[in-house]
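The working numbering puts the first residue of the sequence shown at 318, with every later residue one more than the last. Note that beta-carbon positions come from the ideal geometry of N, C-alpha and C, so glycine has one too. Some notes on the structure that comes next.
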Amino acid sequence: MSRGRGVAGASWPPPARRFRGLEGTALTGSSATADASRALTSRELVWPGQVRKAAAGEGAMGTVHARSLEPLPSNGPDFGALGEEAEFVEVEPEAKQEILENKDVVVQHVHFDGLGRTRDDIIMCEIGDVFKARNLIEVMRKSHEAREKLLRLGIFRQVDVLIDTCQGDDALPNGLDVTFEVTELRRLTGSYNTMVGNNEGSMVLGLKLPNLLGRAEKVTFQFSYGTKETSYGLSFFKPQPGNFERNFSVNLYKVTGQFPWSSLRETDRGVSTEYSFPIWKTSHTVKWEGVWRELGCLSRTASFAVRKESGHSLKSSLSHAMVIDSRNSSILPRRGALLKVNQELAGYTGGDVSFLKEDFELQLNKQLVLDSVFSASLWGGMLVPVGEKPSSIADRFYLGGPTSVRGFSMHSIGPQSEGDYLGGEAYWAGGLHLYTPLPFRPGQGGFGELFRTHFFLNAGNLCNLNYGDGPRAHIRQLAERIRWSYGAGLVLRLGNIARLELNYCIPMGVQRGDRICDGVQFGAGIRFL
C-alpha cells in the first residue's frame, strides 16, 4: 500500500513539524528567568524547510542520544582532523560530567519528522512535559516518557528520539533541540493470531483503521473462531488527548457460544458503549449494553429445565467496574494485589430482563524466601432478580474447573437437572497457592524460569438463595456443603499472554450431582482462582 498523504500535489515524506517554546535570555542562575524560558505558553508552530536527520548509528529505536551542551565552533577544522592543534584544549573528565548532568538547560524546540495525518494538538498533549525539563538528565527522562506515550497511542510503528544542541540565530548558549523521528502506521492494517481464554482457544482475524481522523481514533473489525465460541464485531475507539486512560468506545457484535455443561447454545447480537477513566489509583469503566439473546438446546438430550429457558430475550443494562491492580504481572504475579468489583443493573433502561448483579475478585501475592511466592485469592458474587420473573440461565454464575475450583469438571458445581448444570444466583470461591522454582533449578536464568511448581488448596460453593430468609440464612446456606480440593502440579507462563497448568487434583466435599476430575487436570487461560 502506498504511503501518500492523500492530498493532490503533496510530496512524501511530509515536511517536519517543529514545536517551539517561549524564547528567553540565557540562564544566569536565576530560577525566575529559567522558569520563564521554559514556559509552555506562546508556543509557535512553524514548518521549516529541513530538519536535521540522525546520522547512521544514532537513531536506534528506543534510545535517546545526547551531545555536548557546548555550542559547536562556527568555523575551523573538523574535530577528527585537529591533529596536534587539539593539545591546547584540556578538558577534565569531572568538569565535563558536571556540565552534562548539572548545567541548567532550556528545551527551545521539539521537532517531529515523519508526521502525516496526525494532528498537532494530540502531539502537543503528549510532549508538553519535555519543555519543562531543567537539565540534561530531565530532558532524557522526559523525552523517553514522551516516546512511551506516543507509542501507547497505537498510531506509530516506530519512534526515535535525538537530543542535540540548538542551532540558528535564536539559539541560546544552553538551548537544546529534541527531535522525534516517527513512522506512522498504514491507514489499513491486518492481523491474525491465536488467543487463549478460560480453558478454550480461538483464532482471530482482524482489520484495523488506526488514527482514522488524526487524533488516535481507531476502527477495528474482528472475527474470532474458537473451540466454544464464534464471534465478529465492529468497534470504534477514541482516547482523550493528553490522557489515554480516559477513552470512549462503541461496539457492535454478534457472538455464538456453546456451553456443553448446560447443553445450551446462545447467540447474542448487541451494541455497547463504554467510557473508561482513572480516579487516583483506581480504573473505572461505565458501560451500557443492549443485547438480543437467543437461547437454544445444544443437543436433543437437553433437560426440560434447559428447554424451558430456550427462546428470545432482550437485555438492556448499565454496569460499572472498578479495578485496583498493583501486581507486577497479570499472568503469574510475584507481588502486589488486585481488587476488581463489578455491578450490573438490568431492566431499568428497557428490555424484558431485570436483575441486580454484584461480584468481586481479590488477590494478594507475597514473595518469600528461595524465590517462592505465596498467593491468596477470593471470588464472590450475588444475583438478585427484580420483579416476579426468575433469573435466566444466561445471567447466573458458574463454578468449577481447572481455572476455578480445581478437581471438578468445567462449571460442574451446583444446581443441575438431568446432568445439565443450571448455574446459581450466589457463589464464593477461595484459594491458597504456593509457587516455587523447579527442583534443582534446571534451565536457571533461561527457559526454566517459565516453569513453576504449584501447590494449591481450593474451596467454594454455589447455590440459589431464598431472598425472603434474610442474610443469616444466606450465609448459612453458602457455608453448607462446601466443595474443596488440594493438589500439586506445574505452571508454564506463556509470556504475558496466558498460562498453562498441569495439576494432580484430589477433590473433596463432593456433593450429589457434581462432576469431578480426580487425578491429572489440564487448564489454560488468563484468569485463575
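Q: Give the secondary structure of Phe845 by DSSP, where H, G and I count as helix, E and B as strand, and everything else as coil.
A: coil
Q: For the segment 474–493 and the segment 803–822, state whether three or more C-beta atom pairs, one from each stretch, are separated by less than 8 Å.
A: no
Q. Taking C-beta to C-beta, are Pro732 and Gly741 nearer than 8 Å?
A. yes
Q) If you run the structure through DSSP and keep just helix, strand and coil, what is Pro577? A) helix
Q) Using the beta-carbon count (16 or more within 10 Å), is Glu735 buried or exposed? A) exposed
Q.
Would Asp446 and Glu462 be called neighbours here (beta carbons separated by less than 8 Å)?
A. yes
(Q) Quick check: the Cα distance between Ala663 and Val499, rounded to an integer number of angstroms? (A) 46 Å
Q) In whole angstroms, what is the alpha-carbon distance linking Ser620 and Ser580? A) 8 Å
**Q.** Test item: CB-CB of Gly559 and Cys442 under 8 Å
**A.** yes
Q: Please name the residue, chosen from Tyr592, Glu591, Ala711 and Ser647, that lies closest to Lys625 on a Cα-to-Cα basis.
A: Ala711
(Q) Using a Cβ-Cβ cutoff of less than 6 Å, which residues in the same chain neighbour Phe554 once the five nearest sequence positions on both sides are dropped? (A) Lys535 and Ser566
Q) Which whole-angstrom value is the C-beta distance of Gln660 and Glu675, which I expect to be below 8 Å? A) 5 Å
Q: Report the partner residues of Trp696 according to the DSSP bridge assignment.
A: Glu678 and Ala746
Q. Exposed or buried, what is Tyr509 when buried is set at 16 or more other beta-carbons lying within 10 Å of its beta-carbon?
A. exposed
Q.
Is the beta carbon of Ser694 closer than 8 Å to that of Gly762?
A. no
**Q.** Close beta carbons around Thr720, own chain, < 8 Å, minus the five adjacent residues each side
**A.** Asn515, Asn516, Gly840, Gly842, Arg844, Phe845 and Leu846
Q: May I ask you to list the residues that DSSP assigns as paired with Lys555?
A: Phe565
Q) Given Val572, which residues of its chain have a CB within under 6 Å of its CB, disregarding the five upstream and five downstream residues? A) Ser548 and Asp585
Q) Checking contacts by CB at 8 Å: is Ala638 closer than that to chain B? A) Among the protein chains of the structure shown there is no chain B, as only one such chain exists.
Q | Candidates Gln575, Asp835 and Cys614, of which the one nearest Cys822 by Cα | A | Asp835
Q) In whole angstroms, what separates the C-alpha of Ser593 from that of Gly471? A) 17 Å
Q: Sort Phe714, Leu685 and Arg451 by Cα distance to Lys420 and report the nearest one.
A: Arg451
Q.
Taking a contact to mean a Cβ-Cβ separation below 8 Å, would you say Arg800 touches Asn820 in this structure?
A. no
Q) When burial is assigned at 16 or more other CB atoms within 10 Å of the CB, is Gly718 buried or exposed? A) buried
Q.
Less than 6 Å between C-beta atoms, sequence neighbours within five positions excluded: which residues of the same chain meet that for Leu774?
A. Leu749 and Tyr803
(Q) Let me check understanding here. Comparing Cα to Cα, which of Tyr752, Ser708 and Val686 lies closest to Leu739? (A) Ser708
Q.
I need the straight-line Cα distance from Met639 to Pro595, nearest angstrom please.
A. 9 Å
Q. Just curious, the beta strand (DSSP E) that Phe497 is in, first and last residue?
A. Gly492 to Glu501
Q | Element boundaries [beta strand (DSSP E), containing Glu606] | A | Thr599 to Cys614
Q) Got a sec? Which residues, its chain only, sit under 8 Å from Pro388 by beta carbon, not counting five neighbours each side? A) At Pro388 the pLDDT is 40, less than 50, meaning the model places this residue with poor confidence; the figure from the coordinates comes in the next sentence. Excluding positions up to five away in sequence, the list reads Thr482, Ala488 and Pro490.
Q) So Glu583 packs on Arg610, CB below 8 Å; how close in whole Å? A) 6 Å
Q) To the nearest angstrom, how far is it from the Cα of His771 to the Cα of His426? A) 54 Å
Q. By DSSP, does Lys535 sit in helix, in strand, or in coil?
A. strand
Q: Look at the alpha carbon of Val686 and the alpha carbon of Ser643, and state the distance between them as a whole number of angstroms.
A: 21 Å
Q. What residue range is occupied by the uninterrupted alpha helix (DSSP H) comprising Glu462?
A. Leu453 to Arg469
**Q.** Neighbourhood of Thr753 by C-beta, 6 Å cutoff - its chain only, sequence neighbours within 5 removed
**A.** Ser689 and Thr770
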